[in-house]
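Engineer:
Residue numbers (the working numbering): 104 to 329.
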């Protein structure tokens with residue numbers, strides 16, 4: 104493992120989003136839902152990094168950060184504060200409390216992981232991703248269209264297409280592996296690429312509810328090429 108990260112937010116949805124960002128990172132993830140709980144977890148587990156919301160009940164993020172900085176045993180633990188407003192006074196409040204970095208909601212995956220890598224370089228070690236060129240059929244809101252899988256991993260794929268979906272939209276995808284295995288599964292659009300020169304136009308898809316047989320076939324395919 105490459106360390107332990109504590110995620111602190113009174114809104115469970117944001118904790119789940121941050122956990123998803125760390126899905127392929129080799130780290131232990133702990134969670135807390137207010138400053139008091141976070142302080143107890145920090146004293147008990149000594150995480151290597153803390154992402155903490157500013158506005159929380161019982162003890163807010165700034166007060167918790169001050170408590171961390173006042174404890175000689177905890178003072179060196181990096182704290183990244185997260186706020187939903189991003190106002191200048193929020194930023195000043197966070198940094199005066201002793202935080203090391205500052206992010207605003209809605210959280211951007213790349214910014215979140217960039218912040219994490221400042222303190223834990225091993226963050227975001229992804230599953231093997233394979234460059235391919237496989238024809239596929241996608242369907243969004245009953246609209247089907249042909250596309251090409253540009254790359255693939257066990258968790259998802261990049262779809263090369265002129266059709267731009269909306270991030271978080273549900274999609275169904277169907278394609279056939281070289282061994283003849285037909286894979287059909289739902290997923291969601293994770294991000295859209297319109298201008299990057301490193302990739303064709305299209306979008307990234309995160310697979311969901313893939314059958315056991317399909318997963319095993321996909322894993323064999325990726326391992327055989329690597």
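Note that the Cβ used here is the ideal one computed from N, Cα and C, for glycine as well.
Could you give the uninterrupted runs of the alpha helix (DSSP H) lying entirely in the segment 277 to 329, keeping only those of 4 residues or more?
Structural biologist: Within the segment 277 to 329, the complete alpha helix (DSSP H) runs of at least 4 residues are 315 to 328.
Engineer: For residue 238, count the other beta carbons within 10 Å of its own beta carbon; 16 or more makes it buried, fewer makes it exposed. Which is it?
Structural biologist: Burial call: exposed.
Engineer: In the DSSP assignment, find the beta strand (DSSP E) that holds residue 233 and state where it starts and stops.
Structural biologist: Start and end: 233 to 243.
Engineer: Run the proximity test for residue 271: is its beta-carbon closer than 7 Å to any non-hydrogen atom belonging to the ligand MN?
Structural biologist: In terms of ligand content, the structure shown is empty, and the ligand MN therefore cannot be addressed.
Engineer: Out of 274, 153, 254 and 281, which has the shortest C-alpha to C-alpha gap to residue 223?
Structural biologist: Residue 153 is the option with its Cα nearest to residue 223.
Engineer: Which residues mark the beginning and the end of the beta strand (DSSP E) in which residue 263 is found?
Structural biologist: Note, residue 263: beta strand (DSSP E), 259 to 263.
Engineer: Would you decide whether residue 252 is buried or exposed? Buried here means 16 or more other CB atoms lie within 10 Å of its CB.
Structural biologist: Classification of residue 252: buried, given that the 10 Å Cβ count is 16 or more.
Engineer: Can you list, in chain order, the residues of its chain with a C-beta nearer than 6 Å to that of residue 220? Leave out the 5 residues immediately preceding and following it.
Structural biologist: Answer for residue 220: 226, listed in chain order.
Engineer: Nearest CA to the CA of residue 241: which residue from 235, 254, 303 and 268?
Structural biologist: Of the candidates 235, 254, 303 and 268, the one whose C-alpha sits nearest the C-alpha of residue 241 is 268.
Engineer: With distances taken from CA atoms, which of 218, 305 and 145 is nearest residue 170?
Structural biologist: Taking only the C-alpha atoms, the option nearest residue 170 is 145.
Engineer: Let's see if you can read the secondary structure: which residues bound the alpha helix (DSSP H) around residue 143?
Structural biologist: Here the alpha helix (DSSP H) through residue 143 covers 138 to 148.
Engineer: Rounded to the nearest angstrom, what separates residue 191 and residue 123 at their Cα positions?
Structural biologist: About 29 Å.
Engineer: With distances taken Cα to Cα, identify the nearest neighbour of residue 309 among 165, 206, 151 and 232.
Structural biologist: If we check each option's Cα against that of residue 309, 232 comes out closest.
Engineer: For the beta strand (DSSP E) containing residue 117, list its first residue and its last residue.
Structural biologist: Unbroken run through residue 117 is the alpha helix (DSSP H), 115 to 124; no beta strand (DSSP E).
Engineer: Would DSSP call residue 171 helix, strand or coil?
Structural biologist: Three-state result, residue 171: helix.
Engineer: Would you grab the beta carbon distance between residue 235 and residue 213 for me? Rounded to a whole angstrom, and I think it's under 8 Å.
Structural biologist: With a Cβ gap of about 24 Å, residue 235 and residue 213 do not count as contacting.
Engineer: How many whole angstroms separate the CB atoms of residue 272 and residue 297, which I take to be in contact at a CB cut-off of 8 Å?
Structural biologist: 15 Å between Cβ atoms; not a contact.
Engineer: Given residue 178, which residues of its chain have a CB within under 6 Å of its CB, disregarding the five upstream and five downstream residues?
Structural biologist: Cβ within range, chain order: 172.
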